[in-house]
Amino acid sequence: MLKTRLTAPIVAFAAPLLLYGGALVSQFGFGLHPCEMCYWQRWPHQAAIVLALLALLLRANDKAMRSLTLLAALAIALSGAIGIYHAGVEYGFWEGLTTCATGSGGPVSLDAIMNAPLIRCDTAQWTLFGISLAGFNAIFSLGAAALVLTLLRRRPTSAA
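For the sequence shown, position 110 matches number 288 in my numbering, and the numbering has no gaps at all.
So this is what it looks like as structure tokens:
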């Protein structure tokens, strides 16, 4: 399986889907509300999911499939880079946002503002072995992007 021409786009689709899904589970399943920089990390994953899905749908055109998979890998890596920045803010290596932001789009009522949880970007809500969710996103995203790029460089041995 690791040598078929579809392996790279499958990994480019599955990795951000799992990472984005994990973010949603942590938010809605465990009540870890995202800060502004958490949302920043989600956007490239959403783009990568769409790009990789297009690559799989256009698999008959090898050049288009490889180009879309490459763009998906770059989007995954971008999420990892944002994760590094966010983790650095959490660990106090550098300053992050200095203004307040909301995850809500459109008109917002005063009641919604007053009842919204205050989520700071410079405080990790959860860690494991001293690594925050932003840190884990950086590790897994950069690893997945490297894997996809490595798979793209290999020549497939079968037509599948």
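Beta carbons: idealized from backbone N, C-alpha and C, even for Gly.
Query raised in the report: Is the distance from the Cβ of P187 to the Cβ of L234 below 8 Å?
Result: Cβ atoms of P187 and L234: closer than 8 Å.
Query - Spatial neighbours of L195 in its chain, beta-carbon cut-off 7 Å, leaving aside the 5 residues before and after - result: The beta carbon of L195 sits closer than 7 Å to the beta carbons of I227 from its chain, once the five residues preceding and following it are set aside; these are given in chain order.
Query raised in the report: So what does I309 bridge to, in DSSP terms?
Result: L306, per the DSSP bridge assignment.
Query - Residues near R244 in its chain [Cβ-Cβ closer than 7 Å; skip 5 each side] - result: Here the set comprises L330.
**Report entry** Cutoff 7 Å; reference Q224; Cβ partners in own chain excluding five residues on either side
**Finding:** Hits under 7 Å: Y198.
Query - Residue closest to D300, alpha-carbon to alpha-carbon, out of S310, G207, V267 and W272 - result: That would be V267, whose Cα lies nearest to the Cα of D300.
Requested in this report: With a threshold of 16 other CB atoms inside 10 Å of the CB of P315, please say whether the residue is buried or exposed.
Outcome: A quick correction: the sequence has Asn, not Pro, at residue 315. Buried, since its Cβ has 16 or more Cβ neighbours within 10 Å.
Requested in this report: Report the residue from M215, T247, W221 and T185 whose alpha carbon sits nearest the alpha carbon of E273.
Outcome: Residue nearest to E273 within the set M215, T247, W221 and T185 is M215 (criterion: CA-CA distance).
Query raised in the report: Count the other CB atoms within 10 Å of the CB of G313; is the residue buried (16 or more) or exposed (fewer)?
Result: It is buried - the Cβ of G313 has at least 16 other Cβ atoms within 10 Å.
Query - Three-state class that DSSP yields for A238 in the structure shown - result: If DSSP states are grouped into helix, strand and coil, A238 belongs with coil.
Requested in this report: Taking only the alpha-carbon atoms, compute the straight-line gap between W221 and Q303 and give it to the nearest angstrom.
Outcome: Taking the straight line joining both Cα atoms gives about 20 Å.
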